[in-house]
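Asks: Submitted below is the structure of interest, expressed as structure tokens.
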Amino acid sequence: MSEVQTLRAEEANPVLAPQYAALCWRLRGGKARVLLVTSRDTGRWIIPKGWPMEGRAPAAAAAREAWEEAGVEGKVQSESLGVYTYLKTRPDAEDVPCAVEVFPLRVERLQRRYPERAQRRRKWFAPEKAARKVSEPDLRALILAFAEATTEAAANAPAGD
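UniProt numbering numbers the first residue of the sequence shown as 1 and each following residue consecutively.
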């Protein structure tokens, strides 16, 4: 996929395993900032993501992953930004090709104590830098498109919003 897609993860490709992710963001000085976390295995920068959760809608599963991996509390949107793909490598099992559906989550609070705090780092980035830090080209495009739209919307919002 070279363009930003709006497919659901399970529709992207029936061969790909679905995952759900949160693009955690906030505005600072009228500009969007993106929160990235490190993966547990390689330490590369990623967005919080995980497998579907029984009894949870995709957006709710993404929000839960953001809490577990980054200590994020906030408001997740039920409409996704799109899908990116990657190959999940596992040391003791076969690699799994995944389609990750990304949901924007506006961060209201970052907790100091959260389930995976000892296993990951978290850091705020300008969208352009966040896009350079992640490995997946489609995720880069999603980050940049979302940040541009969010920053533009903030600039055009009436005072007091």
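Virtual Cβ for every residue (Gly too), placed ideally from N, Cα, C.
Keep in mind it's a predicted model, so treat the numbers as computed, not measured.
Which parts of the region 100 to 144 are runs of the alpha helix (DSSP H), unbroken and 4 residues or longer, counting only runs that do not cross its ends?
Replies: Restricting attention to alpha helix (DSSP H) runs no shorter than 4 residues, the region 100 to 144 encloses them at 127 to 133, ordered along the chain.
Asks: Check for me: the alpha helix (DSSP H) holding Glu73 runs from which residue to which?
Replies: Glu73 -> not in any alpha helix (DSSP H); beta strand (DSSP E) instead, spanning 72 to 76.
Asks: Any idea what DSSP makes of Arg26, helix, strand or coil?
Replies: strand
Asks: Taking its Cβ as the centre, do 16 or more other Cβ atoms sit within 10 Å of Val34, making it buried, or is it exposed?
Replies: buried
Asks: Taking all protein chains shown into account, do 16 or more other C-beta atoms lie within 10 angstroms of the C-beta of Ser2, making it buried, or fewer, making it exposed?
Replies: Since pLDDT at Ser2 reaches only 39, below the 50 mark, its modelled position is unreliable, and the value read off the structure follows with that caveat. Flag for Ser2 reads exposed.
Asks: Roughly how many angstroms lie between the CA atoms of Asn156 and Val37, to the nearest whole one?
Replies: 30 angstroms
Asks: Between the region 68 to 87 and the region 134 to 143, do at least 3 Cβ pairs fall closer than 8 angstroms?
Replies: yes
Asks: Where does Trp51 fall in DSSP's three states?
Replies: coil
Asks: Hey, how far is the Cα of Ala63 from the Cα of Val76?
Replies: 6 angstroms
Asks: Confirm, please, whether the CB-CB distance from Glu65 to Gly50 is below 8 angstroms.
Replies: yes
Asks: Return helix, strand or coil for Pro91, following the three-state DSSP convention.
Replies: Pro91 falls in the coil class under three-state DSSP.
Asks: By the 10 Å Cβ neighbour count, where 16 or more other Cβ atoms means buried, how is Glu69 classified, buried or exposed?
Replies: buried
Asks: Can you tell me whether Arg59 is helix, strand or coil according to DSSP?
Replies: The sequence given here places Ala at residue 59; Arg does not occur at that position. Of the three classes helix, strand and coil, the one that applies to Ala59 here is helix, per DSSP.
Asks: On the premise that Ala149 lies in contact with Arg140, defined as a C-beta separation below 8 angstroms, what is that separation, rounded to the nearest angstrom?
Replies: Not really, about 15 angstroms apart at Cβ, beyond 8 angstroms.
Asks: By the 10 Å Cβ neighbour count, where 16 or more other Cβ atoms means buried, how is Arg120 classified, buried or exposed?
Replies: buried
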